[in-house]
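Visitor: Per our numbering, residue 17 is the first one in the sequence shown, and the count goes up by one each step. Even for Gly, the Cβ is constructed at its ideal location relative to N, Cα and C. None of the values given here were measured: they were computed from a predicted structure. I have a structure I would like to understand better, so I am pasting it below and will then ask my questions one at a time.
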Amino acid sequence: MPGKHAPPARRNAGDGREVDLLHYIFSRSDLEELRGQPKKVLAAIDDYVENHNRLMNVGPHKGAFISKLIAERKPSVMIELGGYVGYSAVLFGDAVRSNGGKQYLSLEINPENAAVANMIVELAGLRDFVRIIVGSSNESLIRLVKVEKYISQIELLFIDHWKDLYLPDLLLLEELNVLKPGVSVIAADNVIMPGAPEYLEYVRASPTQKREILGKRKLSQSDNRVDNGLTKESAIDPSRVVGNPNLVYESSIEMFEWDSGRRKDGVEVTRVIGEDAA
Ligand SMILES: C[S@@+](CC[C@H](N)C(=O)[O-])C[C@H]1O[C@@H](n2cnc3c(N)ncnc32)[C@H](O)[C@@H]1O
Numbered sequence: 017m018p019g020k021h022a023p024p025a026r027r028n029a030g031d032g033r034e035v036d037l038l039h040y041i042f043s044r045s046d047l048e049e050l051r052g053q054p055k056k057v058l059a060a061i062d063d064y065v066e067n068h069n070r071l072m073n074v075g076p077h078k079g080a081f082i083s084k085l086i087a088e089r090k091p092s093v094m095i096e097l098g099g100y101v102g103y104s105a106v107l108f109g110d111a112v113r114s115n116g117g118k119q120y121l122s123l124e125i126n127p128e129n130a131a132v133a134n135m136i137v138e139l140a141g142l143r144d145f146v147r148i149i150v151g152s153s154n155e156s157l158i159r160l161v162k163v164e165k166y167i168s169q170i171e172l173l174f175i176d177h178w179k180d181l182y183l184p185d186l187l188l189l190e191e192l193n194v195l196k197p198g199v200s201v202i203a204a205d206n207v208i209m210p211g212a213p214e215y216l217e218y219v220r221a222s223p224t225q226k227r228e229i230l231g232k233r234k235l236s237q238s239d240n241r242v243d244n245g246l247t248k249e250s251a252i253d254p255s256r257v258v259g260n261p262n263l264v265y266e267s268s269i270e271m272f273e274w275d276s277g278r279r280k281d282g283v284e285v286t287r288v289i290g291e292d293a294a
């Protein structure tokens with residue numbers, strides 16, 4: 017294993033392993049060979065995971081599946097919710113760039129993770145392509161759409177933050193009117209493990225069923241996350257988001273197994289295919 021760094025074994029994400037990853041990467045004897053080489057940077061992160069501490073990165077199989085979606089959809093701008101240490105931003109940012117895209121936006125709430133991701137992205141030579149935006153996903157999405165007016169439609173979205181936020185953030189995007197029939201594709205990770213049942217129920221429902229779901233839905237505390245100048249300025253209060261049940265989705269799951277079938281998970285791919293007049 018290259019380099020002198022000997023990271024201590026740690027227990028959980030957020031216990032310092034993310035900054036430790038930087039020490040590991042930047043003390044490798046082959047550091048110069050990693051510069052500007054996304055695949056080598058990813059391999060170095062894989063080495064860290066294999067030899068030291070687990071990280072919450074998208075795995076190789078799911079990563080290859082999303083990369084295939086990128087090659088099919090060829091988004092100009094791709095957005096991810098939940099950037100962590102930048103693994104998916106490097107993998108998918110590189111794929112979006114090689115498929116002729118313009119930018120990869122990585123939304124991350126934890127400034128320490130975002131700082132680590134920035135260093136990793138810079139090392140991989142993607143600094144001018146990947147923009148890491150620090151803040152809660154709902155605030156950042158509102159800012160991108162309503163304040164900066166940088167996003168008018170979602171082309172390809174990768175959802176990979178906390179599972180109880182999948183549905184609230186989808187409803188916010190519905191309400192922001194950036195989910196467009198024939199244009200928008202959403203890939204949501206970890207929908208089986210740890211699981212996002214409310215999200216799955218919603219994206220698989222017809223507009224009539226979605227209206228019923230939203231009618232019954234009591235907004236939980238976790239939706240009530242923003243009450244600041246940004247919200248007032250942009251005139252959307254995420255605690256009052258009601259979505260747009262008229263959008264018609266076509267949704268299916270791609271299943272993955274590892275550890276000899278002991279662990280299973282799925283990526284739900286949802287395409288916006290129409291809008292019901294209702
Ligand atoms: C599973 S990790 C993302 C892994 C990353 N996509 C990858 O594959 O390399 C989830 C990340 O979502 C972030 N997160 C949680 N809630 C968030 C929110 N409301 N807005 C933005 N990021 C959030 C966490 O801090 C964490 O870094």
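Give me the residue from 203, 185, 278 with the minimum Cα distance to residue 257.
Guide: Minimum Cα distance to residue 257 is reached at 185.
Visitor: Helix, strand or coil for residue 120? Go by DSSP, reduced to three states.
Guide: DSSP places residue 120 in the strand class (E or B) of the three-state scheme.
Visitor: Got a sec? Which residues, its chain only, sit under 8 angstroms from residue 245 by beta carbon, not counting five neighbours each side?
Guide: Note that residue 245 scores 41 on pLDDT, short of 50, meaning its location in the model is unreliable and no value can be drawn from it.
Visitor: Does the beta carbon of residue 68 fall short of 7 angstroms from some heavy atom of ligand 1?
Guide: no
Visitor: With a threshold of 6 angstroms on Cβ separation, who are the neighbours of residue 23 within its own chain once the five nearest residues in sequence on each side are excluded?
Guide: 36, 40, 68
Visitor: Closer than 6 angstroms by C-beta to residue 336: which residues in its own chain qualify, once you throw out the five before and the five after it? Chain order, please.
Guide: For the chain, the structure presents residues 17 to 294; residue 336 sits outside this window and is missing.
Visitor: Going by DSSP, what residue range makes up the beta strand (DSSP E) through residue 268?
Guide: That run of the beta strand (DSSP E) goes 263-274.
Visitor: Hey, would you say residue 150 sits closer than 8 angstroms to residue 117, going by beta carbons?
Guide: no
Visitor: With DSSP run on the structure shown, which of helix, strand or coil describes residue 192?
Guide: In the three-state DSSP reduction, residue 192 falls in the coil class, being neither helix nor strand.
Visitor: In or out: residue 110 buried (at least 16 other Cβ within 10 Å) or exposed?
Guide: buried
Visitor: Could you tell me if residue 193 is buried or exposed, where buried requires 16 or more neighbouring beta carbons within 10 angstroms of its beta carbon?
Guide: exposed
Visitor: State yes or no: is the C-beta of residue 177 nearer than 7 angstroms to some heavy atom of ligand 1?
Guide: yes
Visitor: Ligand 1 and residue 32: does the residue's C-beta get closer than 7 angstroms to at least one heavy atom of that ligand?
Guide: no
Visitor: Would you mind sorting residue 239 into buried or exposed? The rule is 16 or more other CB atoms within 10 Å of its CB.
Guide: With a pLDDT of 48 at residue 239, under the threshold of 50, the modelled position of this residue cannot be trusted, and the question is left open.
Visitor: How many Å lie between residue 34 and residue 153 at the Cα?
Guide: 20 angstroms
Visitor: Output yes or no for whether 8 angstroms exceeds the beta carbon distance between residue 174 and residue 81.
Guide: no
Visitor: Indicate, with yes or no, if ligand 1 has a heavy atom lying under 7 angstroms from the CB of residue 152.
Guide: Yes; taking the cut-off as 7 angstroms, the Cβ of residue 152 has a heavy atom of ligand 1 nearer than that.
Visitor: Distance check for residue 21 and residue 205, CA to CA, integer angstroms please.
Guide: So the two alpha carbons sit approximately 32 angstroms from each other.
Visitor: Starting from residue 93, follow the alpha helix (DSSP H) in both directions and report where the run begins and ends.
Guide: Element bounds for residue 93: not the alpha helix (DSSP H) but the beta strand (DSSP E), 93-97.
Visitor: What separation, rounded to the nearest whole angstrom, lies between the Cα atoms of residue 64 and residue 163?
Guide: 39 angstroms
Visitor: Indicate the three-state DSSP secondary structure (helix, strand or coil) for residue 220 in the structure shown.
Guide: coil
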